[in-house]
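Those protein sequences? They're chains A and B, same order as listed.
Going left to right, the first sequence walks through residues 25 to 340 as our numbering numbers them.
Going left to right, the second sequence walks through residues 34 to 172 as our numbering numbers them.
Every residue, glycine too, gets a C-beta built ideally from N, C-alpha and C.
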Amino acid sequence: MKLAVYWTGSCGGCDVAFLELGPALLDLLPKLEIVFWPALVDAKRADLEKLPKHGIDVALVNGVLRTTENVEMAELLREKSRWLGAFGACAHLGGVPALANPGEGIAEVVFGPGFRPAPPLGEAPEDAPPELLPEALPLEEVVPVDFVVPGCPPPAGLIARFFAVALAEEIQPGQVFAAEKALCEECPRTREERRLARLVRPHEALADPTKCLLDQGMVCLGPVTRGGCAAACPKAGMPCTGCLGPTPKAGDPALAMLSALASLVRAGEEGEPAFPEEDRILEGLVDPLGTLYKYAFAKYGRPLRRLARRRQEVRA
Amino acid sequence: MSGFEPRIVAFLCRWCASAGADLAGTNRLAYPPNAIPIRVNCSGRVEPQWVVEALKAGADGVLIGGCHPGDCHYVAGNYKARRRVYLLRKVLAELGIEPERVRLEWVSATEGARFAQVMSDFVAELKRLGPLHGNGGPK
Ligand code: FES
Numbered sequence: 025m026k027l028a029v030y031w032t033g034s035c036g037g038c039d040v041a042f043l044e045l046g047p048a049l050l051d052l053l054p055k056l057e058i059v060f061w062p063a064l065v066d067a068k069r070a071d072l073e074k075l076p077k078h079g080i081d082v083a084l085v086n087g088v089l090r091t092t093e094n095v096e097m098a099e100l101l102r103e104k105s106r107w108l109g110a111f112g113a114c115a116h117l118g119g120v121p122a123l124a125n126p127g128e129g130i131a132e133v134v135f136g137p138g139f140r141p142a143p144p145l146g147e148a149p150e151d152a153p154p155e156l157l158p159e160a161l162p163l164e165e166v167v168p169v170d171f172v173v174p175g176c177p178p179p180a181g182l183i184a185r186f187f188a189v190a191l192a193e194e195i196q197p198g199q200v201f202a203a204e205k206a207l208c209e210e211c212p213r214t215r216e217e218r219r220l221a222r223l224v225r226p227h228e229a230l231a232d233p234t235k236c237l238l239d240q241g242m243v244c245l246g247p248v249t250r251g252g253c254a255a256a257c258p259k260a261g262m263p264c265t266g267c268l269g270p271t272p273k274a275g276d277p278a279l280a281m282l283s284a285l286a287s288l289v290r291a292g293e294e295g296e297p298a299f300p301e302e303d304r305i306l307e308g309l310v311d312p313l314g315t316l317y318k319y320a321f322a323k324y325g326r327p328l329r330r331l332a333r334r335r336q337e338v339r340a
Numbered sequence: 034m035s036g037f038e039p040r041i042v043a044f045l046c047r048w049c050a051s052a053g054a055d056l057a058g059t060n061r062l063a064y065p066p067n068a069i070p071i072r073v074n075c076s077g078r079v080e081p082q083w084v085v086e087a088l089k090a091g092a093d094g095v096l097i098g099g100c101h102p103g104d105c106h107y108v109a110g111n112y113k114a115r116r117r118v119y120l121l122r123k124v125l126a127e128l129g130i131e132p133e134r135v136r137l138e139w140v141s142a143t144e145g146a147r148f149a150q151v152m153s154d155f156v157a158e159l160k161r162l163g164p165l166h167g168n169g170g171p172k
């Protein structure tokens, strides 16, 4: 199988994630012909351009699309590949780097007004770094994506399953290599549906080792997130932050999760006298966008954000 | 912003708010006709997804009308609705959308006049905020 792996706006963790396969790599590698993988082999864009259409069987892109060059590379890989997949939460949903989206002109904020990418001293203008896109985008916004291997980074079990299916030539269009059911289904913690009298952030409490983290007031996205990781984070005492993406049933993970929280929060007997205390508990949801849209902002939060931004432009 | 008529989607619970709206009609009370009413069984049935969908599809504001505290036909649906709206407004504010565009009001079946007042107030507020879809409609 001719394989290409490419990174756009990513941290590099997705490239490293393949090593998690461990000894299974020894069986896998002889079956792969790596035609392009900047983290691993020395092949340049020009080599990619020389390949015939569909000269790659499967291309995996990790990272959010952040620059004009990212877009060009995504389009080039699309053209050269029979199957193109989003690998990891950034390519899938935008991921953590897409939380930059709410910031207006983030480069100007960081580097000062009038900032523009410039070439290194003495170099030609075309050697300047690529322009930033106005918004960080998931892969599917720019090219058709055939399948997704989700996660931050994708867990080894899902990567192994992906390779088994790809080598058997059995990828289904639109396939997401994770469970359709919620993470809670594979979480060993016990759920009591306790009422939440407070919300706590992970560093504010030591989690009970066996009880449901949500029951303990931690904002665990398990109920709205796909399973597939064997609940790795909850097992380690950390609430799920949603890296495998929402279940098909949940849709927008932030809206689905805020419904769940609203149902669980209680300040004693329900009724008008309890309203102020309920509000105080709900205020415990600090950083709602960063918590509820940690990985999915580009895909789900951006449409509303764009509406708000267009409106600000009209007003100005 | 002259001539701007806000578009409102109003989710009204069947037992109170919707009955209140009917009463406003039978009493021939005048109020601005800016809302598309959608009758739901209970304010607690309104999913945040619906509210956001309405805003994305072209609404300038969304009204959720339920029974007064203690009166919900399903006991506590309105309390859940209140907590949902509280969190949803928090999220909208962070996205840069004025939280006032989503409004929760209690209207009983006998409060036709109150329903008319709620509509007038909301329309006035949305006129002050201006259109959500800057160009006068969704693209
Ligand atoms: S029935 Fe009216 S709010 Fe529940």
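With 8 angstroms as the threshold, decide whether the Cβ of residue i is near any Cβ in chain A.
{"i": "Ile134 of chain B", "result": "In the sequence as presented, Ile is not what sits at residue 134 of chain B; that position holds Arg. Chain A, which has no Cβ nearer than 8 angstroms to the Cβ of Arg134 of chain B, makes this no."}
{"i": "Val124 of chain B", "result": "yes"}
{"i": "Gly170 of chain B", "result": "Its pLDDT being 48, under 50, Gly170 of chain B is placed unreliably in this model, and the value from its coordinates should be taken loosely. Answer no: the Cβ-Cβ gap between Gly170 of chain B and chain A never drops below 8 angstroms."}
{"i": "Gln150 of chain B", "result": "no"}
{"i": "Leu137 of chain B", "result": "no"}
{"i": "Met34 of chain B", "result": "Confidence is the limiting factor: at Met34 of chain B the pLDDT is only 48, short of 50, which leaves the residue's position unreliable, though a coordinate-based value still follows. It does not: the Cβ of Met34 of chain B has no partner Cβ on chain A nearer than 8 angstroms."}
{"i": "His106 of chain B", "result": "no"}
{"i": "Tyr38 of chain B", "result": "The sequence shown places Glu at residue 38 of chain B, not Tyr. No, because no Cβ of chain A sits closer than 8 angstroms to the Cβ of Glu38 of chain B."}
{"i": "Ala146 of chain B", "result": "no"}
{"i": "Ile71 of chain B", "result": "no"}
{"i": "Val161 of chain B", "result": "A quick correction: the sequence has Arg, not Val, at residue 161 of chain B. So no, Arg161 of chain B is outside the interface."}
{"i": "Arg78 of chain B", "result": "no"}
{"i": "Gly129 of chain B", "result": "yes"}
{"i": "Leu121 of chain B", "result": "yes"}
{"i": "Val140 of chain B", "result": "no"}
{"i": "Val42 of chain B", "result": "no"}
{"i": "Val85 of chain B", "result": "yes"}
{"i": "Gly110 of chain B", "result": "no"}
{"i": "Arg47 of chain B", "result": "no"}
{"i": "Gly103 of chain B", "result": "yes"}
{"i": "Ser153 of chain B", "result": "no"}
Is the Cβ of residue i closer than 8 angstroms to any Cβ of chain B?
{"i": "Asp303 of chain A", "result": "yes"}
{"i": "Arg333 of chain A", "result": "yes"}
{"i": "Glu279 of chain A", "result": "A small correction: the amino acid at residue 279 of chain A is Leu; Glu does not occupy that position in the sequence shown. Closer than 8 angstroms: yes."}
Mind listing which residues of the stretch 281-298 of chain A have their C-beta closer than 7 angstroms to chain B's C-betas, in chain order? Leu282, Ser283, Leu285, Ala286, Ser287, Val289, Glu294, Gly295, Glu296
In the stretch 56-68 of chain B, which residues sit with their C-beta less than 7 angstroms from some C-beta in chain A, listed in chain order? none
Distance cut 6 angstroms, beta-carbon to the ligand FES heavy atom: residue list by chain order: B:Cys46, B:Trp48, B:Cys49, B:Cys75, B:Ser76, B:Gly77, B:Gly99, B:Cys100, B:Cys105, B:His106, B:Tyr107, B:Gly110, B:Asn111
Please list the residues of the stretch 81-113 of chain A that have a C-beta atom closer than 9 angstroms to any C-beta atom in chain B, keeping them in chain order. none
Please specify which runs of the beta strand (DSSP E), each continuous and at least 3 residues long, are wholly inside the stretch 46-76 of chain B, giving them in chain order. 68-73
Against chain B: residues of the stretch 264-277 of chain A by CB proximity under 9 angstroms: Gly275, Asp276
Compile a chain-ordered list of the residues in the stretch 305-329 of chain A whose CB is closer than 8 angstroms to at least one CB of chain B. Leu306, Leu309, Pro312, Leu313, Leu316, Gly325, Pro327, Leu328, Arg329
Length-filtered (3 minimum) beta strand (DSSP E) runs lying within the stretch 124-170 of chain B: 135-139
Let me know the beta strand (DSSP E) ranges lying completely inside the stretch 139-189 of chain A, each 3 residues or longer, listed in chain order. 156-161, 171-173
Which ranges would you report for the alpha helix (DSSP H) in the stretch 29-90 of chain A if only whole runs of at least 4 residues count? 37-41, 48-52, 69-74
If the cut-off is 9 angstroms on Cβ atoms, which residues from the stretch 152-178 of chain A count as contacting chain B, listed in chain order? none
Pull out every residue of the stretch 87-100 of chain B whose Cβ sits closer than 9 angstroms to any Cβ of chain A, in chain order. Leu88, Lys89
Inside the stretch 199-274 of chain A only - alpha helix (DSSP H) runs reaching at least 4 residues: 256-259
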